[in-house]
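Those letters in the sequence shown? Residues 74 to 130, by the numbering used here.
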Amino acid sequence: NLINVYNARFESIDGEPLNQQDIIGLYVSMSGDFKICSVEVLHILDGKKAYSLAQGQ
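This is the structure we're talking about:
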């Protein structure tokens, strides 16, 4: 068996932060089609991204 792993990042359209309920909603809507192994919440501190950009981002 092969193991397929995908990464996805979601950002709000209007730049407003997503809350925990938004994130859970995304998780639930995707869980019917994908096996989700983990969720990581990316933070913005003082208006700056507190995480590394993904390749090609």
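Virtual Cβ for every residue (Gly too), placed ideally from N, Cα, C.
Put simply, of L91, M103, N80, G105 the residue whose alpha carbon is nearest the alpha carbon of H116 is L91.
Spatial neighbours of S85 in its own chain (CB-CB distance under 7 Å, excluding positions within 5 residues in sequence) are listed in chain order as L91. Annotated three-state conformation of I76 is coil, per DSSP. Beta-bridge analysis with DSSP links L118 to K121. With contacts defined as CB atoms closer than 8 Å, Y100 and V114 fail to qualify as a contacting pair.
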